Amino acid sequence: MRIGILTYHFSTNYGALMQAYGLRQWLISEGHEASFINYHPAYVEGSTGLRGALDPRQLKSSLKALFLRAAQLRRRLAGNPQQEKQFEQFRREVLGVSSPALQDEREVEAFLNSPEGRFDALICGSDQIWNPSPPKGLDRSYFLAFDSAAGDARRIAYAPSFGRGALDPRHAEEARRCISKLDAVSVREASGATIVKQLAGITPAVVPDPTILLGDFSALTFCAESISEGHVFCYALRSAQGIREIAELAGETFGQPVLSPDNPHRRWREIGITVHPSPAGWAALIERAGYVVTNSFHGTAFAILMQKPFLVAGLGGARLSLNDRALNLLRAVGLEDRFIPADRIGLARDRLLAPIDWSQVEAALATLQEQGRSYLRRELALAGQPERTRRTG
């Protein structure tokens with residue numbers, strides 16, 4: 010079966026690339042021909058316009074756009090050139106992305122109406138593709154909500170995330186219309202299922218992130234650059250609050266260096282030693298770590314998949330709702346105690362050496378994987394059939 014995928018495959022973010030790799034590799038392992046539709050809108054990790062810069066209501070959007078521009082410029086001028094090449098090489102050689110980027114919905118629809126854009130099924134997901142962005146709002150392309158394209162391709166949502174526990178009411182009606190265009194709906198978090206239920210009156214399947222779906226990244230880490238073993242791996246996104254203290258505690262406790270991959274959006278002084286791994290090298294750094302400390306969903310997922318002792322540093326303040334993604338996963342595998350709330354960092358000292366029952370975790374992961382795999386197999390089996398039946402889980 011020929012399958013087109015719409016997700017954040019282009020992002021300069023390790024987790025985004027790993028979930029993209031996970032979904033495509035699993036589909037290929039099932040015998041399908043899977044490829045990414047190279048949609049790369051400028052508002053995602055790119056240069057966005059400063060619309061309404063003098064309007065106080067647009068201040069947050071304008072500041073974020075300005076920051077993204079500055080980060081992009083800093084990456085070009087002061088970033089690690091070898092790492093940039095490694096990201097590009099990964100997209101081209103591992104993800105198989107070589108076609109020109111599509112900039113907007115009009116270009117995506119034109120591609121889907123062309124001979125090379127004919128697919129038996131389209132899959133949107135995973136990652137935070139349903140999270141409204143300040144400059145754009147909701148992106149219809151990431152809901153497969155095309156009016157005059159895609160032909161008879163079955164439109165399947167696999168594990169998209171809204172990014173937080175609730176959707177801004179301003180986007181509710183648009184989200185409802187977009188969801189109605191889908192033939193099969195699933196989400197990554199239980200909180201996302203609640204949002205869809207409230208918006209569209211349907212109960213979506215809750216399925217695991219594609220990294221969990223695939224489960225095995227040994228083929229990727231086998232090809233990674235040479236990496237030492239036993240270090241404390243610290244993967245921090247959005248904030249260093251809390252995670253710095255936990256990572257330093259782990260380093261002191263185990264007498265090992267703290268290694269942190271470079272983050273082009275970092276606004277804090279480095280934690281431990283900054284390293285510049287390739288995407289495969291990032292996965293290998295976790296695989297060969299003695300301990301993992303993270304505040305990231307995908308950092309959490311890989312620590313679990315690779316059975317590494319770990320702690321998750323909770324985000325606080327205005328970012329509190331961003332913990333939902335990691336917490337949903339931790340609850341699903343019975344590891345809620347590995348989460349350290351932002352206002353209770355002192356708990357890390359007691360939980361750092363607490364053992365993990367990996368046999369229990371393996372059983373829970375197997376259940377999650379079967380949920381995702383059976384959902385996709387069922388929905389793809391319906392692709393190409395004369396009657397397109399909507400399924401909800």
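Oh and the sequence shown: position 38 is 47 in our numbering, straight run, nothing missing. Glycine included, every Cβ here is placed at the ideal spot set by N, Cα and C. Quick caveat: nothing in here was measured; it's all calculated off a predicted structure.
By the 16-neighbour rule on beta-carbons within 10 angstroms, residue 291 is buried.
Residue 221 sits in a helix when the DSSP states are folded into three classes.
Taking a cut-off of 8 Å for Cβ pairs, the region 378-391 and the region 212-224 touch, as three or more such pairs fall below it.
Our two residues, residue 117 and residue 111, have alpha carbons roughly 6 Å apart in a direct line.
Residue state for residue 269 is assigned as strand, using DSSP reduced to three classes.
Runs of alpha helix (DSSP H) with 4 or more residues, each lying fully within the region 278-313, are found at 288-296, listed in chain order. Residue 140 has its alpha-carbon roughly 7 Å from the corresponding atom of residue 147. Apart from sequence neighbours up to five positions away, the residues of its chain that approach residue 163 with a beta-carbon distance below 8 Å are 129, 130, 131, 192, 193, 388, 389, 391, 392, 393 and 397, ordered along the chain. Assignment of residue 105 by DSSP, reduced to helix, strand and coil, places it in the coil class. Residue 339 places its beta carbon less than 9 Å from that of residue 309. Residue 215 is bridged by DSSP to 196. Residue pairing from DSSP places residue 348 in a beta bridge opposite 321. In summary, residue 29 is buried, with 16 or more beta-carbon neighbours lying within 10 Å of its beta-carbon over all protein chains present. Judged by beta-carbon spacing, residue 385 lies within the 9 Å limit of residue 165, meaning their Cβ atoms are closer than that value.
The beta carbons of residue 197 and residue 104 sit about 20 Å from each other, so the pair does not count as a contact at 8 Å. Per DSSP, residue 242 is one residue of the beta strand (DSSP E) stretching across 241-244.
Ranked by how close their Cα comes to the Cα of residue 370, the residues 345, 202, 181 and 96 have 345 in first place. Taking residue 136 as reference, the option from 158, 106, 170 and 149 with the minimal CA-CA separation is 170. Taking a C-beta distance under 9 Å as the contact criterion, residue 334 and residue 349 do not qualify as a contact pair.
In the DSSP secondary-structure assignment, residue 130 is bridged to 12 and 163. By the neighbour-count criterion, in which 16 or more other beta carbons inside 10 Å mark a residue as buried, residue 364 falls on the exposed side. If you draw a straight line from the Cα of residue 259 to the Cα of residue 366, it comes to about 20 Å.
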